[in-house]
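Undergrad: Structure provided below as C-alpha cells; questions to follow.
Residue numbers (our numbering), protein chains in the order written: chain G, 1 to 387; chain C, 1001 to 1387.
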C-alpha cells in the first residue's frame, strides 16, 4: 500500500478517522498497568458513559471489534439452557442468534422482512408464548439501514421480566442512544462507525440489573477472553491483570471520544440527520430507492437498491478506483442488490454527500443507466439550502 | 497523559515500539475489504510464516491480544468432551487449563515447580496414563522466565497421536520458534513482545493436521468471534466478511514484521541472547538471583527474586517515576517476590541494559539494600566487551 493512500470511507464502516485520532494512535506505547494508562482508561469510561447516556459503572471498551462486543454481552448474560429471544430483520440479528446458540442458549427468534422494524406488539406476542431471560435486538441494522425504535419495546421486555440487550454498533455517536432513559440492560458498539476511530475496540455497557445477573451466575463464562467477571477487576479499582489491553487503540478511542464531546451529542446527531436528508433528496431525484421502511431509515447508513441496469460490483469498483470513495455492497440476502452508503462520524459531511452524488452520476452514465442527469446533485443542493 | 510521554518498556510487554511502526499505525484508515488492505493481509501472512518458520497456509493475525490467540487455538481444536493435557509451570499454563475447561475439555494437568521446565519423560508418563487429543505447553513462561525445550516433547506427543499446541507469546521474534521443524500443530503469539508492535493482535498458525481436525469438527466452535472455520474465509481467497479487522493495527504489524525480516531472525535471536547475558552478568554481580532453572532462562524475560531488604513496589515505582523505566512485578505465586525484566524487540539493547542496571543501583542504594556498589554495571560492561 502506498503510505499516503487516502480513501473517502462512505461504506458501512470503518469511517474516516480524524487526523487528531491518528496522531493519538501513534503516541509511544506505554505499559497497560502504567498509572498514566489507567488514567486514560478511567477517562474513556467517563466519556463512554456520556455517549451511551448512562450512569452504568460497568461501561468499558472490550479488546476486540463490535462482534466481540456482541459476544461479550451474550457470553456474560447467558448460561447453558437459558432462553433468549432474538429479533431478526437482517444480518446482525442472525449473528446474535448464532452467537447465543453457541453459548448454550435455547434461542427463540422472531423475524420481520429485511428493511422493516419490529412493532412492540410482535415482541409482546413472542414473550407471551415463551418467557425468556434475555431479549436481543439491533438498534441500527447495518445490513438494511433500518432504525429500530426501542423505548416501547424495552417496557414490554421488562414487563415480562427479561433483560434487554441492544446492538448499537452503528448508531452510537450518530443517533440518539439513551441507555438509562430507555432502560437498556446491555449494549455494545464498535469504534469504527460514528465514533470515527479505527476498528479494534468495542464499547460495552451493563446496567445494574445485568451486573446482578452476572454476579449470580452458576457457571463460568464460556469465553475466558470476554469474561467480564475478570475484566471488571482490571477496569475496576483493583486494576488486576487480565489480558494486555490494546494500549494505542485506547489512545485513539480516548481522542475520538473527546472529539464527540467537543461537538456535543445532540449537534452530532443533527449533523448526521441533516446530511442524510441531503443525500436522500439527491438519491431520490436520481430514482434510487431506499430499502428501509419509510420513516425508519438510519441517518448514518443509507441502504438503497442498486438501480435497474447498473452493475453493482462495477460501480463500486469505479467509485473506489476513480474517486477513492468506498461504499458497501449488500450483505446476505441483499448481496448484489444493495448499496450501503455510510455517513458516519467524520465522513458525514455535506461535501462528501455532494462528491458521492457527482461520482455516482458519472459511474451510472458510464454504464448507460437511464436517469435524470444532474437531478441528484441539484436536488441535494436544494435540500442543503433549505435545511 | 502528556502526549510526549515516553517510557523505556522493560517489563513483560508491551515493549518499546519503533518509530516506523508508530508512523504506520497512524496512516489513514481504509476499508477492511479494500483490495489495498487485502494485499497487506496477504503480506502479513507471508511474514508471519517467516517468523514462525512454517509453510502453514493457515497463519493469520487474530483480532485480539495474545490471550485471544490462546483461546482461538483451544476453541478450534477442542470439542466438548475431548481430553486435553496441559503442562503447568506458571501463570500461562494455568490459564490454558482454565480456557480448555471452559470449552468443555476434560483437562488433565501435570505440574512442575515454577521456574523449572518439563522433562520429556514427564510428558510420556502422563500420556501413558491418559490418551489425549491435544497437549498444551508454554514455550516461554512469562511469569517465571523459563524457556521450555520443545522438539523432543513434540515427538512424544505425536507418538501418542495427539496434537501439539504451544504458547509462543513471549518467544516469537526473540528466540527460535520453528513450527515445521519442531512439528508444532498450533501456536499463538502476541504482537507486543519481541515483535515490538503495540498490543492488539495475535498471530496464530495451524498445521495441516490441525486444519484436518478443524474440518472434521462435529460441533460449531463455541466462540463465534474466534471461529477459524469462518475467519479463514476472510483470510482466504474468498475474502468473505466475518468481522471488521483492526485495520490500523494490521498496518503496524506489517511494519513491525518488515523490521524483523530486515534484521533477520537469527541476528535478532543473537541480539536477544547477547543482551540477556550482559544483563545477567550485571544482576549476578549485584547478588540478584534468577528464578528460572539454570540453563533454561529466557533471553527476553529475566525473572529474578527481589533481593532481601528491597521493597518490590517501591523500587518499581521509583524506576518508573525517576527513570521512566517500566519493569514487571511477580504474577500469581510470585507476587511481591519477583521482578520481570524484559529485553524484547526494540527494547532489547545494550544501552537499555546499562541504563537499567544504573537505575536499579540507585533505587537499591536509596533503600539501603546491601550489595557490592558499582559491581553490576562494571560486570555488565565487562561481559559486553567479551561477547
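Think of the CB as a built atom: it goes at the ideal place given N, C-alpha and C, for glycine as much as any other residue.
Taking DSSP as the reference, what is the three-state secondary structure of residue 323(G)?
TA: helix
Undergrad: Which residue's Cα is closest to the Cα of residue 83(G): 59(G), 163(G), 120(G) and 8(G)?
TA: For the set 59(G), 163(G), 120(G) and 8(G), the Cα lying nearest the Cα of residue 83(G) is the one of 163(G).
Undergrad: Given this structure, state the Cα-to-Cα distance separating residue 136(G) from residue 203(G), to the nearest angstrom.
TA: 17 Å
Undergrad: Figure out for me which residue from 181(G), 179(G), 170(G) and 128(G) has the closest Cα to the Cα of residue 156(G).
TA: 128(G)
Undergrad: From the beta carbon of residue 5(G), is the nearest beta carbon of chain C less than 8 Å away?
TA: yes
Undergrad: Here's a check: name, in chain order, each residue in its chain whose Cβ is nearer than 6 Å to the Cβ of residue 377(G), leaving out the five neighbours to either side.
TA: 357 and 358
Undergrad: Which runs of the beta strand (DSSP E) at least 3 residues long sit entirely within the stretch 104–185 of chain G? Give them in chain order.
TA: 106–111, 134–138 and 163–167
Undergrad: Give every residue of the same chain whose Cβ lies closer than 7 Å to the Cβ of residue 301(G), excluding the five residues on either side of it in the sequence, and list them in chain order.
TA: Non-local C-beta neighbours of residue 301(G) in its own chain, meaning closer than 7 Å and more than five positions away in sequence, comprise 12, 140, 142, 145, 170, 340 and 342, ordered along the chain.
Undergrad: Taking the alpha carbon of residue 1274(C) as the reference point, which residue from 1007(C), 1174(C), 1335(C) and 1054(C) has its own alpha carbon closest?
TA: 1174(C)
Undergrad: Which residue or residues does DSSP assign as beta-bridge partners of residue 87(G)?
TA: Answer is 110(G), bridged to residue 87(G).
Undergrad: Along chain C, in chain order, which residues have C-beta atoms closer than 9 Å to that of residue 220(G)?
TA: 1098, 1101 and 1102
Undergrad: Under three-state DSSP, which class holds residue 224(G)?
TA: coil
Undergrad: Shortest alpha-carbon distance to residue 1251(C) belongs to which of 180(G), 51(G) and 25(G)?
TA: 25(G)
Undergrad: If we ignore side chains and look at the alpha-carbon of each, how far apart do residue 109(G) and residue 75(G) end up?
TA: 18 Å
Undergrad: Using a C-beta cutoff of 8 Å, does residue 1050(C) count as contacting chain G?
TA: no
Undergrad: Since residue 17(G) contacts residue 198(G) with CB under 8 Å, what's their CB separation in whole angstroms?
TA: 6 Å
Undergrad: Identify, in the order they occur along the chain, each residue of the same chain with its Cβ nearer than 6 Å to the Cβ of residue 1290(C), setting aside the five sequence neighbours on each side.
TA: 1297 and 1304
Undergrad: What are the start and end residues of the alpha helix (DSSP H) that includes residue 1045(C)?
TA: 1035–1052
Undergrad: What is the residue span of the alpha helix (DSSP H) that residue 356(G) lies within?
TA: 350–366
Undergrad: If we cut at 8 Å on Cβ distances, does residue 1141(C) have a partner in chain G?
TA: no
Undergrad: When DSSP labels each residue in this structure, what does residue 302(G) get in the three-state scheme?
TA: strand
Undergrad: By how many angstroms is the C-alpha of residue 1021(C) removed from the C-alpha of residue 1191(C)?
TA: 12 Å
Undergrad: With the cut-off set at 8 Å, would you say residue 1049(C) and residue 1056(C) are in Cβ contact?
TA: yes
Undergrad: Which value, in whole angstroms, describes the spacing of the CA atoms of residue 1066(C) and residue 1205(C)?
TA: 13 Å
Undergrad: Between residue 1030(C) and chain G, is any beta-carbon pair separated by less than 8 Å?
TA: yes
Undergrad: When we look at the beta-carbon of residue 1080(C) and count the other beta-carbons within 10 Å, is it buried (16 or more) or exposed?
TA: exposed
Undergrad: With a Cβ-Cβ cutoff of 8 Å, do residue 73(G) and residue 118(G) count as a contact?
TA: No.
Undergrad: Return the bridge partner residues of residue 1206(C) from the DSSP annotation.
TA: In the DSSP assignment, the residues bridged to residue 1206(C) are 1058(C) and 1186(C).
Undergrad: Leaving out five residues on either side along the sequence, give the residues of the same chain with a beta carbon under 8 Å from the beta carbon of residue 293(G).
TA: 115, 116, 117 and 146.
Undergrad: State yes or no: is the beta carbon of residue 1120(C) nearer than 8 Å to at least one beta carbon in chain G?
TA: no
Undergrad: Going by CA-CA distance only, name the one from 1105(C), 1152(C), 1106(C) and 1102(C) that's closest to residue 1122(C).
TA: 1152(C)
Undergrad: Determine whether the Cβ of residue 1293(C) lies closer than 8 Å to any Cβ atom of chain G.
TA: no
Undergrad: Going by the CB atoms, is the gap between residue 1344(C) and residue 1193(C) shorter than 8 Å?
TA: Yes, the Cβ-Cβ distance between residue 1193(C) and residue 1344(C) is below 8 Å.
Undergrad: For the alpha helix (DSSP H) holding residue 268(G), just list the boundary residues, first then last.
TA: 265–285
Undergrad: Starting from residue 1260(C), follow its DSSP beta bridges and name the residues at the other end.
TA: Per DSSP, none; premise fails for residue 1260(C).
Undergrad: Since residue 338(G) is in the alpha helix (DSSP H), which residue starts that stretch and which ends it?
TA: Note, residue 338(G): premise wrong, no alpha helix (DSSP H); beta strand (DSSP E) at 338–342.
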